[in-house]
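Colleague:
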Amino acid sequence: GANSVGEMSVRAGYGSTTSDAELPVRHSVTDMLSDMLRTRSVSFTRAKAFLTHFYFFYALYLFCIMLSGAIVLCLIEDIAVEDAVYLSVSAASMTGLSPIDFTATSQQAQAVVYALIVLGNPMLLSLVPVALRLRVLRCRRDTTSSVAGGAFLGLPSTGLDERLALKFIISSVLFYWSAWQTIGWIFFWMFMDVP
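Numbering (this note's numbering), first residue to last: 529 to 723.
(1) Helix, strand or coil for residue 714? Go by DSSP, reduced to three states.
(2) Buried or exposed: where does residue 651 fall if 16 or more other Cβ atoms within 10 Å of its Cβ makes it buried?
(3) From which residue to which residue does the alpha helix (DSSP H) around residue 650 run?
(4) Report back the beta-carbon spacing between residue 633 and residue 605 to the nearest angstrom; my notes put them in contact at under 8 Å.
(5) Quick check on residue 608: buried or exposed, where buried means 16 or more other Cβ atoms within 10 Å of its Cβ?
(6) Please classify residue 618 as buried or exposed, where buried requires at least 16 neighbouring CB atoms within 10 angstroms.
(7) From the DSSP output, in three-state form, read off residue 690 for me.
(8) Note down, in chain order, each residue of its chain lying with its Cβ closer than 7 Å to the Cβ of residue 668, except the 5 sequence neighbours on either side.
(9) Taking its Cβ as the centre, do 16 or more other Cβ atoms sit within 10 Å of residue 726, making it buried, or is it exposed?
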């Protein structure tokens, strides 16, 4: 008939109520999304504030290591301030540009540049949020199954599963990075012209 269960379900799906007590009242997708945004607005604001602060500290960190590197380069090497700043920024941002003959610099200056490369490495800096997440999970010690925060699109995971995955990410990134740094330095010293 005209009042079949299918028609009531369709009407109920668009936000209208029905007189039938067995059918649940459903809202439209936009109503559900606006409800979710209203209830999660506080946590979203906190997350946005954290990310804003994280990017601020990230930029401040890079600025400090670049400035420190430039000062140290000026103190240990006889180069102009502009060249020291350019070399420091280039090393910390890993652009690879050098305003001076890098091979003519002292080993101390080369060690400073290498330290800037390590300290400004994006691969290592990407581990900071992963390590922070691991720290939060260690403090929480939650081993119950949950879907929220699951790594694979809603599959249930536990806090222990997530901690193991984060440890694996950290160790594999550190291994990958250190292996390529070691290989690079071996090739550098093998093929470097020694007078």
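Idealized CB from N, CA, C, for every residue including glycine.
Modeller: Straight from the coordinates:
(1) Here residue 714 sits in helix by DSSP.
(2) Answer is exposed; the Cβ neighbour count stays below 16.
(3) Start and end: 650-653.
(4) Yes, residue 633 and residue 605 are in contact; Cβ-Cβ is about 6 Å, under 8 Å.
(5) The residue is exposed, with fewer than 16 neighbouring Cβ atoms inside 10 Å.
(6) Residue 618 is buried by the Cβ-count criterion.
(7) In the three-state scheme derived from DSSP, where H, G and I count as helix and E and B as strand, residue 690 is classed as helix.
(8) Cβ within range, chain order: 687.
(9) Past the edges of the chain, shown from 529 to 723, lies residue 726, and the structure says nothing about it.
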